[in-house]
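Asker:
In the working numbering, the protein residues as written are 18 to 328.
1) Does the ligand NAD have even one heavy atom less than 7 Å from the beta-carbon of residue 51?
2) In the DSSP assignment, find the unbroken alpha helix (DSSP H) run with residue 314 in it and report its ends.
3) Anyone know if the C-beta pair for residue 312 and residue 267 falls short of 8 Å?
4) Counting along the chain, where does the alpha helix (DSSP H) carrying residue 126 start and finish?
5) Determine, using beta carbons only, whether residue 159 and residue 195 come nearer to each other than 8 Å.
6) Looking at the unbroken alpha helix (DSSP H) that takes in residue 90, where does it start and where does it end?
7) Grouping DSSP H, G and I as helix and E and B as strand, with all else coil, what is residue 252?
8) Hey, how far is the Cα of residue 216 from the Cα of residue 142?
9) In or out: residue 163 buried (at least 16 other Cβ within 10 Å) or exposed?
10) Under 8 Å, do residue 272 and residue 323 count as touching if we go by C-beta distance?
11) Restricting to Cα atoms, I'd like to know which of 146, 90, 275 and 40 is closest to residue 290.
12) Counting pairs of beta carbons, one from the segment 144-151 and one from the segment 111-128, are three or more of them closer than 8 Å?
13) I need the straight-line Cα distance from residue 58 to residue 137, nearest angstrom please.
14) Does the contact criterion of 3 or more C-beta pairs under 8 Å hold for the segment 161-178 versus the segment 118-136?
15) Within 10 angstroms of the Cβ of residue 139, are there 16 or more other Cβ atoms? Answer buried if so, exposed if not.
16) Assess, as a yes-or-no matter, whether the segment 300-314 is touched by the segment 277-292 under the definition of 3 or more beta carbon pairs within less than 8 Å.
17) Is residue 42 helix, strand or coil by DSSP?
18) From residue 235 to residue 206, what does the alpha carbon distance come to, in whole angstroms?
19) Within this structure, are the beta carbons of residue 320 and residue 173 separated by less than 8 Å?
20) Using three-state DSSP, classify residue 280 as helix, strand or coil.
21) Counting along the chain, where does the alpha helix (DSSP H) carrying residue 74 start and finish?
22) Sort 192, 53, 301 and 182 by Cα distance to residue 175 and report the nearest one.
23) Over the uninterrupted alpha helix (DSSP H) stretch that includes residue 302, give me the two end residues.
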């Protein structure tokens, strides 16, 4: 009987000693794991929490911290691949965890801030690349002497960067290019005006010479005047084929601007407003409606060529 009691006491003591030993090991692993998290040594932390679970299988705290560290490692992988939105989402999951220790939540909060900063930098870089690309496109239009189209594109770029402190140089460059476009447009308009005036002067001189060389016959003079008037009217109706071509090219170019800036607006409404804005800068006077017809038809054909329905 005494032997049985002694045996039972030995067994109980053994269990108690083993339990204390297990608790000590568990606590050591948990402490080491949390320290590893603080030092951002997440692979080591994962190993420590796994060891803690071998000492206390199914332990809630060790399981929770182990899961959180796994997610932190996923966050790091997302950051490496610049998947910042997904990384932020994982951080939010960790922050909402209910472990007693906040060590992983604190790490996740820090990583989230890092992700948000990197995301903003990436967006700014992407935006800058887009702006630089658009400025290059405007310059290419200017090289092809498509100053009206370049002017329109520069106007949209200026709207995008105005008020952004980081883009003062781009804004300055766009304004300089815009001034060049306006100067070139005025220069071409003046040149065209001079050519018309020269043509009128040549016609007038020619008519005067013809009149001096002819007899003073009133019927012939009337016929000459009638012919001259018809010739002048013909020039007005023609209103320069090159100008018509430029208007058509502008209409086609505005389709690209529509997909870039006008989605959500009816293409026909966008085209009408675009023509009004453009025509206000370079008035066509009595040819305004003719110019509008050319512009709208060119826009419509180019728009439908993209496979979209014009409305």
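Backbone N, C-alpha and C fix where the C-beta goes; we use that ideal spot for every residue, glycine too.
Keep in mind it's a predicted model, so treat the numbers as computed, not measured.
Answerer: In short:
1) No copy of the ligand NAD occurs in the structure displayed, which carries no ligand at all.
2) Residue 314 sits at position 297 when you count from the first residue of the chain shown. Element bounds for residue 314: 305-321.
3) Within the chain shown, numbered from 1, the residue matching residue 312 stands at position 295. Within the chain shown, numbered from 1, the residue matching residue 267 stands at position 250. Yes. Within cutoff.
4) The residue given as residue 126 occupies position 109 in the chain shown. From DSSP, the alpha helix (DSSP H) with residue 126 extends over 120-160.
5) The residue labelled residue 159 in the question sits at position 142 within the chain shown. The residue labelled residue 195 in the question sits at position 178 within the chain shown. Not in contact: residue 159 and residue 195 (Cβ atoms no closer than 8 Å).
6) Looking up residue 90 in the chain shown gives position 73. Unbroken alpha helix (DSSP H) run through residue 90: 77-97.
7) For the purposes of this step, residue 252 is taken as residue 235 along the chain shown, with counting starting at 1. Residue placement at residue 252 is poorly supported in this model, since its pLDDT is 42, which falls under 50; the coordinates are not used for a value here.
8) The sequence position of residue 216 within the chain shown is 199, counting from 1. The sequence position of residue 142 within the chain shown is 125, counting from 1. Answer to the nearest angstrom: the Cα atoms are 54 Å apart.
9) What you label residue 163 is simply residue 146 of the chain shown in a count that begins at 1. The residue is buried, with at least 16 neighbouring Cβ atoms inside 10 Å.
10) As a first step, residue 272 is located in the chain shown; it is residue number 255 there, counting from the start. As a first step, residue 323 is located in the chain shown; it is residue number 306 there, counting from the start. The answer is yes: Cβ separation under 8 Å.
11) Along the chain shown, read from residue 1 onward, the residue named residue 290 stands at position 273. For residue 290, the nearest C-alpha among the options comes from 275.
12) no
13) As a first step, residue 58 must be located in the chain shown, where it is residue number 41. As a first step, residue 137 must be located in the chain shown, where it is residue number 120. Looking at the two C-alpha atoms, the distance is approximately 26 Å.
14) no
15) Position 122 of the chain shown, counted from the start, is the residue given in the question as residue 139. With fewer than 16 other Cβ atoms within 10 Å, it is exposed.
16) yes
17) Counting from 1 along the chain shown, the entry for residue 42 is found at position 25. In the structure shown, residue 42 sits in a helix (DSSP, three-state: H, G or I).
18) Taking the chain shown and counting its residues from 1, the one referred to as residue 235 is at position 218. Taking the chain shown and counting its residues from 1, the one referred to as residue 206 is at position 189. In this prediction, residue 235 scores a pLDDT of 49, lower than 50, which makes its location untrustworthy; the coordinate-derived value is nonetheless stated afterwards. Their backbone Cα atoms lie some 39 Å apart in a straight line.
19) Counting from 1 along the chain shown, the entry for residue 320 is found at position 303. Counting from 1 along the chain shown, the entry for residue 173 is found at position 156. No.
20) Here the question's residue 280 lines up with position 263 in the chain shown. Reduced to three states, the DSSP call for residue 280 is coil.
21) In the chain shown, the residue the question calls residue 74 occupies position 57. Residue 74 -> no alpha helix (DSSP H), and no H or E assigned at all.
22) Counting from one through the chain shown, the residue named residue 175 turns up at place 158. Answer by Cα proximity: 192.
23) Position 285 of the chain shown, counting from 1, holds the residue named residue 302. That residue, residue 302, is in no alpha helix (DSSP H); it is neither H nor E in DSSP.
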